[in-house]
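As numbered in my numbering, the sequence shown has no gaps in its residue numbers, which increase by one up to the final residue, 125.
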Amino acid sequence: MGWKRLIIGEPMPDKNDPKYRERYEREVEAGRKFADKAGISWGAMRLQEIGQAHKVAFLAVVFGFVTACFLVNVYRLVTAYQQGGRQKATAVERVDSALQSHGHYIKGNSGK
Numbered sequence: 014m015g016w017k018r019l020i021i022g023e024p025m026p027d028k029n030d031p032k033y034r035e036r037y038e039r040e041v042e043a044g045r046k047f048a049d050k051a052g053i054s055w056g057a058m059r060l061q062e063i064g065q066a067h068k069v070a071f072l073a074v075v076f077g078f079v080t081a082c083f084l085v086n087v088y089r090l091v092t093a094y095q096q097g098g099r100q101k102a103t104a105v106e107r108v109d110s111a112l113q114s115h116g117h118y119i120k121g122n123s124g125k
């Protein structure tokens, strides 16, 4: 394997290319078997049935979830931005501070 192939990679195989057709069919069949055994096929079918039966409610739940995730991300972004100006303590400084506050550590003692 050459460096160029390692960095760039192989071209994406086309499912209609006879060279890759057998491999593609084996991978698709393996994916179907896994989806059936894991219950993903049943879950997707059930979710689609619910979405078809209750279109407005389904869209409200999906877009509500997306909106909630967006708002949580915005909240975390704002809190991180607000704390950006504060001086952060390193882990060693926090441990030293905790030990000093509990009287376990005398400043200047090298641990000998």
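Using N, Cα and C, we set each Cβ at its ideal position, and we do this for glycine too.
Item                                                                                                                        : Value
Neighbourhood of residue 63 by C-beta distance below 8 Å, restricted to the same chain and skipping five residues each side : 71
Minimum length 4: unbroken alpha helix (DSSP H) runs contained in the segment 40-124                                        : 53-66, 68-95 and 104-114
Residues of its chain near residue 24, where Cβ-Cβ distance is below 7 Å and the 5 sequence neighbours each way are ignored : none
Under 9 Å between C-beta atoms of residue 37 and residue 50                                                                 : no
Residue 45: CB within 8 Å of a non-hydrogen atom of the ligand HEM                                                          : As for the ligand HEM, it is missing from this structure, which has no ligand bound.
Residue 32 (DSSP reduced to helix, strand or coil)                                                                          : helix
Residue 23 - DSSP class collapsed to helix/strand/coil                                                                      : coil
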